[in-house]
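Peer 1:
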Amino acid sequence: MATNEPVTEAPDAAEAVIRDRRSVHQYAEEDVDEETLREVFDLVRFTPSSFNLQPWEFLVLTDDENRQALREVANDQESVTDAPVAVVVLGNTDPAAHADRVFQDWLDKEYIPDEETRDNLQGLVEGMRERSDEENRVWTTRSTSLAAMTLMHAARAKGLSTCPMEGFDAEGVRETFDVDEQFEPVMLVTMGYPEDDADDRENERKFRRPVDEIVHFDAFDA
């Protein structure tokens with residue numbers, strides 16, 4: 001029987017997390033405590049991002065009424081309320097929102113040689129604000145999607161199951177939860193302990209395209 005115990009064994013723990021993760025739609029009626037959620041997001045912090053600018057924010061909904069409100073702007077998808085936790089993954093479209101702290105940290109830790117380099121980097125990123133809204137939405141979606149995948153792997157490592165979700169009204173999410181226009185709703189992720197037999201890790205894996213089909217060495221041939 002599939003276990004929901006956290007994956008901790010080394011050196012194969014990371015591989016196990018990746019191979020064992022499944023998208024789950026039916027969740028047990030068991031809350032996820034705040035300490036566990038904080039442990040999950042403490043791992044999410046280590047996600048890589050462009051210039052280490054970390055443009056992600058997470059709206060974590062555990063209240064029944066809030067999850068119902070999210071469901072109403074998410075095509076009435078049942079798993080939004082069936083799960084004890086629903087996460088709105090948001091991307092900050094302002095590239096320079098955290099640039100000052102990021103580049104000061106680089107200077108303090110001698111990743112860069114001097115204040116002039118720090119200021120040049122700061123100016124470069126501030127210049128990215130002048131790009132089109134669409135360019136900055138794409139920019140934040142790239143890094144924030146990495147964080148969403150880290151979230152799913154971190155949750156699995158803590159014994160939780162998740163499911164990434166599209167099918168929502170981004171503007172409706174903003175209005176419902178008073179999210180500033182600066183933030184792009186990138187995806188939803190439901191999270192919780194799976195209902196019995198809902199986590200199909202005992203079953204044969206669904207089809208995955210082979211390596212030779214998805215990898216192109218040195219030249220692209222679709």
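According to full-length UniProt numbering, the sequence shown holds residues 1 to 222 in order. A virtual CB, placed ideally from N, CA and C, is assigned to each residue, including glycine. Quick caveat, the model's predicted, so the values are computed rather than measured.
Tell me the DSSP bridge mates of Pro185?
Peer 2: Position 185 of the sequence shown holds residue 185. Beta-bridge pairing links Pro185 to Leu90.
Peer 1: Which two residues bound the contiguous beta strand (DSSP E) that contains Val60?
Peer 2: Residue numbering aside, residue 60 sits at position 60 when the sequence shown is read from its first letter. It spans Trp56 to Leu61 - the beta strand (DSSP E) in which Val60 sits, taken as one unbroken run.
Peer 1: So, is Tyr27 buried or exposed, given that buried needs 16 or more other C-beta atoms within 10 angstroms?
Peer 2: The sequence position of residue 27 within the sequence shown is 27, counting from 1. Tyr27 is buried by the Cβ-count criterion.
Peer 1: Taking DSSP as the reference, what is the three-state secondary structure of Val138?
Peer 2: Here residue 138 is taken as the residue at index 138 of the sequence shown, counted from 1. Helix at Val138.
Peer 1: Taking the beta strand (DSSP E) that residue 231 belongs to, which residues open and close that run?
Peer 2: The requested residue 231 is not part of the displayed model; the chain covers only 1 to 222.
Peer 1: When DSSP labels each residue in this structure, what does Val32 get in the three-state scheme?
Peer 2: Here residue 32 corresponds to residue number 32 of the sequence shown, with the count starting at 1. Val32 falls in the coil class under three-state DSSP.
Peer 1: Between the region 164-177 and the region 27-37, do at least 3 Cβ pairs fall closer than 8 Å?
Peer 2: Inter-segment contact for the region 164-177 and the region 27-37 is absent: fewer than three beta-carbon pairs are separated by less than 8 Å.
Peer 1: Short check: CB of residue 232 to CB of Ala69, under 9 Å?
Peer 2: The chain is shown from 1 up to 222; residue 232 falls before or after that span and cannot be answered.
Peer 1: Which residue marks the beginning of the alpha helix (DSSP H) containing Glu72, and which one marks its end?
Peer 2: Numbered from 1 along the sequence shown, position 72 holds the residue referred to as residue 72. Looking at the DSSP string, the run of the alpha helix (DSSP H) that includes Glu72 is Asp64 to Glu72.
Peer 1: Does the pairing of the region 50-60 with the region 15-27 give three or more beta-carbon distances under 8 Å?
Peer 2: no
Peer 1: Mind checking Glu204: buried by the 16 CB within 10 Å criterion, or exposed?
Peer 2: Here residue 204 corresponds to residue number 204 of the sequence shown, with the count starting at 1. With fewer than 16 Cβ atoms within 10 Å of its Cβ, Glu204 is classed as exposed.
Peer 1: Roughly how many angstroms lie between the CA atoms of Gly159 and Phe46, to the nearest whole one?
Peer 2: Counted from its first residue, the sequence shown places residue 159 at position 159. Counted from its first residue, the sequence shown places residue 46 at position 46. Using only the alpha carbons, I get a separation of about 19 Å.
Peer 1: So what's Thr176 in DSSP terms, helix, strand or just coil?
Peer 2: One-based indexing of the sequence shown puts residue 176 at position 176. Under the three-state reduction of DSSP, Thr176 is assigned to helix.
Peer 1: What are the complete alpha helix (DSSP H) segments, minimum 4 residues, inside the region 91-123?
Peer 2: 99-108
Peer 1: Suppose the cutoff is 6 Å on Cβ atoms and the five residues either side in sequence are ignored; what does the same chain contact list for Glu126 look like?
Peer 2: The residue you call residue 126 lines up with position 126 of the sequence shown. So the qualifying residues of the chain are Ala96.
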